[in-house]
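Undergrad: There's a structure below that I have some questions on.
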Amino acid sequence: MTASPFPYVLGALLAMAAVTILCRAAPFLFFMRRRPPAVVDFLQIYIPPMIMTVLVLGSYKGIDFRAAPWGIPEIAAGLAVAGFHLWKRNALLSIFAGTAFYMILIRLL
Amino acid sequence: MRQAERTSALLPAFRASVPVLLGYLAIGLAFGLLLVKSGQPWWLSTLMSLIVYAGAAQFMAVGLLAAGTSIAEIAILTLVINARHMVYGLSLLDRFAPCRRFKAYLVFALTDETYAILTTVAPPEGVDRESYYAAVSALDHSYWVIGSTAGALIGTVLPFDTRGIDFALTALFIVLLIEQMRSVRKAAPYLVATIATGAALLIVGPANLLIAAILASIIGILPFRKALS
Numbered sequence: 017m018t019a020s021p022f023p024y025v026l027g028a029l030l031a032m033a034a035v036t037i038l039c040r041a042a043p044f045l046f047f048m049r050r051r052p053p054a055v056v057d058f059l060q061i062y063i064p065p066m067i068m069t070v071l072v073l074g075s076y077k078g079i080d081f082r083a084a085p086w087g088i089p090e091i092a093a094g095l096a097v098a099g100f101h102l103w104k105r106n107a108l109l110s111i112f113a114g115t116a117f118y119m120i121l122i123r124l125l
Numbered sequence: 000m001r002q003a004e005r006t007s008a009l010l011p012a013f014r015a016s017v018p019v020l021l022g023y024l025a026i027g028l029a030f031g032l033l034l035v036k037s038g039q040p041w042w043l044s045t046l047m048s049l050i051v052y053a054g055a056a057q058f059m060a061v062g063l064l065a066a067g068t069s070i071a072e073i074a075i076l077t078l079v080i081n082a083r084h085m086v087y088g089l090s091l092l093d094r095f096a097p098c099r100r101f102k103a104y105l106v107f108a109l110t111d112e113t114y115a116i117l118t119t120v121a122p123p124e125g126v127d128r129e130s131y132y133a134a135v136s137a138l139d140h141s142y143w144v145i146g147s148t149a150g151a152l153i154g155t156v157l158p159f160d161t162r163g164i165d166f167a168l169t170a171l172f173i174v175l176l177i178e179q180m181r182s183v184r185k186a187a188p189y190l191v192a193t194i195a196t197g198a199a200l201l202i203v204g205p206a207n208l209l210i211a212a213i214l215a216s217i218i219g220i221l222p223f224r225k226a227l228s
């Protein structure tokens, strides 16, 4: 493949960087000089648990449950992580054990 | 004093960031490899990870750059993918309010994984919060830059099979979800987010799932405002 022209790549890179930082900074810029409405106080408590739920479920979106191995490694390893964590409450142990288990499963199934 | 502060924040920050170390190195490797395979120079991988620092958008950019997609279109697609970060900032307004020295960097470096750690894993007693936030953010950022640079340079000659190691990020989210459940002991946010994600998957499909699910969650939790407060 031929390399893309340098100014084009650089322009795209800067545009992506600018848009990304704007997305991340938007709420801070918007509420820099005004007090957030009361509903934001409410949302600040409940957004993190909702986003964590969405991120967990979103991690499973690319899996094809209709074809072998039917998402079994992902589901089983996910349950193993949750089980470990409820049992020992050691985040690193849960994550290492679950990931190792997953890496074994995808090589076996 | 300053030095002592930073030293004491670094260790807990490193401990909290180890799962991201695994995930970002593995996914960064895949990204660097893909970008170079698409015909770009290796340093573009480093530069993009350094100044854009948004995983999903960077993967998307590989194909778009190779196809010569217009810069305006790339900017709009980046906006669609990263719009969810506006919501992240909204829930960090109070947490970041006392931050001064590193605030701009904290906002710049706010990825999904860093957000998840900062909102769920509190620094130990006596550790300066802002230093801890900055250390977690900078460590995560460095893992991503190192991973994507390594992928671009040596991705094809890696001596070991890393397939599946990126599950560490799913595992991280699961662990942090359980921790959230321990601190926010109400069923409503979890049920609303689950239903919202299901609805978003049916209506907009997997491509723009996260932003659709997060917006639907926020709209869905509003009717519970009275009951929850």
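As you go down the protein sequences, you meet chains Y and L in turn.
Take 17 as the starting number for the first sequence in the numbering used here and just add one per residue.
Take 0 as the starting number for the second sequence in the numbering used here and just add one per residue.
Cβ coordinates follow ideal geometry from the N, Cα and C atoms, glycine included.
1. How would you call L:L175, buried or exposed, if buried means at least 16 neighbouring beta carbons within 10 angstroms?
2. Below 7 Å between beta carbons: does that hold for L:A206 and L:T196?
3. Consult DSSP for L:Q39 and reduce its assignment to one of helix, strand or coil.
4. Return the first residue and the last residue of the alpha helix (DSSP H) that Y:W103 is part of.
5. Measure the Cβ-Cβ separation of L:P161 and L:A55 and say whether it is below 7 Å.
6. Measuring CA to CA, which of L:V35, L:L20, L:F13 and L:S7 is closest to L:G154?
7. Got a sec? Which residues, its chain only, sit under 7 Å from L:Y87 by beta carbon, not counting five neighbours each side?
8. Y:A98 versus chain L: which residues are under 9 Å apart at the beta carbon?
9. Pick helix, strand or coil for Y:K77, following the three-state DSSP scheme.
10. If we count Cβ pairs, one from each stretch, closer than 8 Å, do we get three or more for the region 70–89 of chain L versus the region 32–50 of chain Y?
11. Helix or strand or just coil, what does DSSP make of L:E124?
12. Along the alpha helix (DSSP H) that carries L:Y104, what are the first and last residues, could you check?
13. At a Cβ threshold of 7 Å, is L:S216 touching chain Y?
14. Listing by chain order, which chain L residues have their CB less than 7 Å from the CB of Y:G27?
15. How is Y:F47 classed by DSSP in three states: helix, strand or coil?
16. Could you tell me which whole alpha helix (DSSP H) segments of length 4 or greater appear in the region 30–80 of chain L?
17. Would Y:A42 pass as a contact of L:M85 if the rule is Cβ separation under 7 Å?
18. Does the region 42–60 of chain Y come within contact of the region 180–195 of chain L, defined as at least 3 CB pairs closer than 8 Å?
19. To test your reading of the DSSP string, which unbroken beta strand (DSSP E) runs of 3 or more residues are found completely within the region 151–224 of chain L?
20. Would you please verify whether the beta carbon of Y:M17 is less than 7 Å from any beta carbon of chain L?
21. Which of helix, strand or coil does DSSP assign to Y:R123?
22. Give the residues of chain Y in contact with L:P222, contact being defined as C-beta atoms less than 8 Å apart.
23. Taking its Cβ as the centre, do 16 or more other Cβ atoms sit within 10 Å of L:P123, making it buried, or is it exposed?
24. If I measure Cβ to Cβ from L:M0 and keep anything under 8 Å in the same chain, skipping five residues before and after, which residues do I get?
25. Name the chain L residues whose beta carbon is nearer than 8 Å to that of Y:K77?
26. For L:E72, count neighbouring Cβ atoms within 10 angstroms of its own Cβ and tell me buried if that reaches 16, exposed if not.
27. So Y:A84 contacts chain L; which residues on that side make the cut at Cβ distance below 8 Å?
28. Quick check: L:P11 and L:A167, are their CB atoms within less than 7 Å of each other?
29. Given a limit of 7 Å on CB to CB distance, which residues of the region 36–53 of chain Y reach chain L?
30. Who are the Cβ neighbours of Y:A92 in its own chain at under 7 Å, not counting the five residues just before and after it?
31. What does the alpha-carbon distance come out to for the pair L:F223 and L:S147?
32. Just the chain L side, please: which residues come within less than 7 Å of Y:A93 by C-beta, in chain order?
33. With a threshold of 7 Å on Cβ separation, who are the neighbours of Y:I111 within its own chain once the five nearest residues in sequence on each side are excluded?
34. Does the CB of L:I50 have a neighbour CB from chain Y at under 7 Å?
35. My assumption, with CB atoms under 8 Å, is that L:D132 sits in contact with L:L105. Please give the rounded CB distance.
TA: In terms of the structure at hand:
1. buried
2. no
3. coil
4. I88 to K104
5. First, the residue type needs correcting, since residue 161 of chain L is Thr and not Pro in the sequence shown. No.
6. L:V35
7. L109 and Y114
8. I173, V174, L176 and I177
9. The answer is coil: DSSP assigns Y:K77 none of H, G, I, E or B.
10. In short, these stretches touch, since the Cβ pair count reaches three.
11. coil
12. Here the alpha helix (DSSP H) through L:Y104 covers K102 to F107.
13. yes
14. I70
15. coil
16. 41–50 and 54–66
17. Yes, the pair counts as a contact, with Cβ atoms nearer than the cut-off.
18. Using a C-beta cut-off of 8 Å, the region 42–60 of chain Y makes no contact with the region 180–195 of chain L, since fewer than three inter-stretch Cβ pairs fall below that distance.
19. none
20. In this predicted model, Y:M17 has a pLDDT of only 47, less than 50, meaning its place in the structure is not dependable enough to derive any value.
21. helix
22. The contacting residues do not exist; L:P222 stays about 12 Å from chain Y at best.
23. By the 10 Å Cβ count, L:P123 comes out exposed.
24. Low confidence applies here, because L:M0 scores a pLDDT of 48, under 50, leaving its location unreliable and the question unanswered by this model.
25. L200, P205 and L208
26. exposed
27. The premise fails here: Y:A84 is roughly 16 Å from chain L at the closest Cβ pair, so nothing lies under 8 Å.
28. No; because the gap between Cβ atoms is not below 7 Å, this pair is not in contact.
29. Flagged, chain order: T36, I37, C39, R40, A41, A42, P43, F44, F47 and P52.
30. L121
31. The straight-line gap from Cα to Cα measures roughly 43 Å.
32. F166
33. So the qualifying residues of the chain are V97.
34. yes
35. It should be noted that the sequence gives Tyr, not Asp, for residue 132 of chain L. About 6 Å; that satisfies the 8 Å criterion.
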